[in-house]
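Please read the structure below before turning to the comments.
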Amino acid sequence: MEFGVMTVLIIELPPLRRIDNLDNYLEMVNSVVDYATHIDIPDSTFANPSANAVLIGSLIKHRFSNVEVIANVRVADHNKVGLTALIMGGLVNGVRNYLLMRGDLGPGVTAVPDLTPISAIGYLRDVEQVKGARLGVSISSFDEKYIRDRLEARPDFAMLQYTLSMDDLIRTAEVNREFGVDIYPALLVITNKSARTISRILNTDIPVPQDPISDAVRRAREILECFPGVYISAPGDFNAIVETAKAMHKYL
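In this text, residue positions in the sequence shown follow my numbering: the first is 5, and each later residue adds one.
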């Protein structure tokens with residue numbers, strides 16, 4: 005299932021931080037595979053170790069062949085050889101989509117200086133062994149110059165930082181007219197469980213709507229007028245993600 009062929013509905017999984025919780029984790033995937041086109045797997049967010057996204061993506065592809073996987077890759081953890089080997093291993097296991105990001109650095113954690121997400125795309129484009137990989141970037145600011153700099157790398161796709169501002173999204177879409185990259189904003193589901201984290205990330209108090217699922221679907225309709233898909237995110241409330249995916253599936 006290729007990006008751009010149909011409306012893309014990406015489900016954001018939480019990171020897998022406990023390997024004795026694998027059955028429950030796979031059951032989370034099972035609860036959304038009938039409604040999603042892609043599963044997005046984070047990798048050691050906030051510099052807290054979690055199971056490698058490419059390996060977890062490989063497991064998901066073997067269990068659920070009808071859904072695509074987006075593996076997040078922290079380039080701060082890899083040199084050129086390591087990154088190439090990682091993606092080669094993912095491709096062998098059916099993982100075709102890689103969201104390249106720098107990665108958070110915690111106390112005592114140092115970065116491998118070989119690559120940035122942008123230079124990694126330029127490097128990997130010339131590596132014959134990973135020609136089948138689709139390479140994406142994260143756009144973490146809505147400054148026009150920053151957006152342009154990221155899109156000039158010609159990624160296959162991009163995923164946007166959290167925002168509830170249509171002005172941010174419209175600005176991104178306007179810059180992208182020159183590049184034609186498939187860009188996927190976050191569809192934030194604001195619930196009693198997720199609102200605190202979303203408010204902290206956006207650095208402002210976000211009120212919880214009376215009907216969070218209907219509110220998310222309403223905003224999705226507006227977003228999809230400008231973009232080919234969304235990724236659904238509700239930090240700490242995966243059930244809300246499932247319910248929103250079901251509602252979105254009916255709409256789509």
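Every residue, glycine too, gets a C-beta built ideally from N, C-alpha and C.
Item                                                                                                                                                                  : Value
Do you know how far the Cα of E132 is from the Cα of S203?                                                                                                            : 43 Å
Following the continuous alpha helix (DSSP H) through Y166, name the residue where it begins and the one where it ends.                                               : Careful: Y166 lies outside any alpha helix (DSSP H) and carries neither H nor E.
Which full runs of the beta strand (DSSP E) of 3+ residues lie inside the stretch 64-114, going along the chain?                                                      : 72-78 and 101-105
Do you know how far the Cα of A115 is from the Cα of P159?                                                                                                            : 23 Å
Note down the Cα distance separating F242 from V179, rounded to an integer number of angstroms.                                                                       : 32 Å
How about I14 and D38: are their beta carbons less than 8 Å apart?                                                                                                    : no
Which word fits K135, buried or exposed, when buried means at least 16 other C-beta atoms lie within 10 angstroms of its C-beta?                                      : exposed
How about the stretch 213-220 and the stretch 12-32: do they share at least three Cβ pairs that are nearer than 8 Å?                                                  : no
Just the C-alpha distance for A75 and L17, rounded to the nearest angstrom, thanks.                                                                                   : 11 Å
Quick one: Cα of L139 to Cα of Y166, how far?                                                                                                                         : 20 Å
For H42, count neighbouring C-beta atoms within 10 Å of its own C-beta (all shown protein chains included) and say buried if the count is 16 or more, exposed if not. : buried
Report the rounded CA-to-CA distance for E6 versus A199, giving the unit in angstroms.                                                                                : The predicted model places E6 with a pLDDT of 42, which falls under 50 and marks its position as unreliable; any figure quoted below should be read in that light. Their backbone Cα atoms lie some 32 Å apart in a straight line.
Within 7 Å: the Cβ of S198 and any heavy atom of the ligand ADP?                                                                                                      : The ligand ADP is not part of this structure, which contains no ligands at all.
Closest to F183 by CA distance: which of H82, P211 and E156 is it?                                                                                                    : E156
Check this for me: beta carbons of V77 and V99, under 8 Å apart or not?                                                                                               : no
Could you give the first and the last residue of the continuous alpha helix (DSSP H) run that contains S203?                                                          : A199 to L206
What did DSSP end up calling V194 once you bin it into helix, strand or coil?                                                                                         : Going by the sequence as given, residue 194 is Ile instead of Val. Here I194 sits in coil by DSSP.
Identify the continuous beta strand (DSSP E) that holds L139 and give its terminal residues.                                                                          : R138 to I143
Quick one: is V185 buried, meaning 16 or more other Cβ sit within 10 Å of its Cβ, or exposed?                                                                         : buried
From R175 to S145, what does the alpha carbon distance come to, in whole angstroms?                                                                                   : 11 Å
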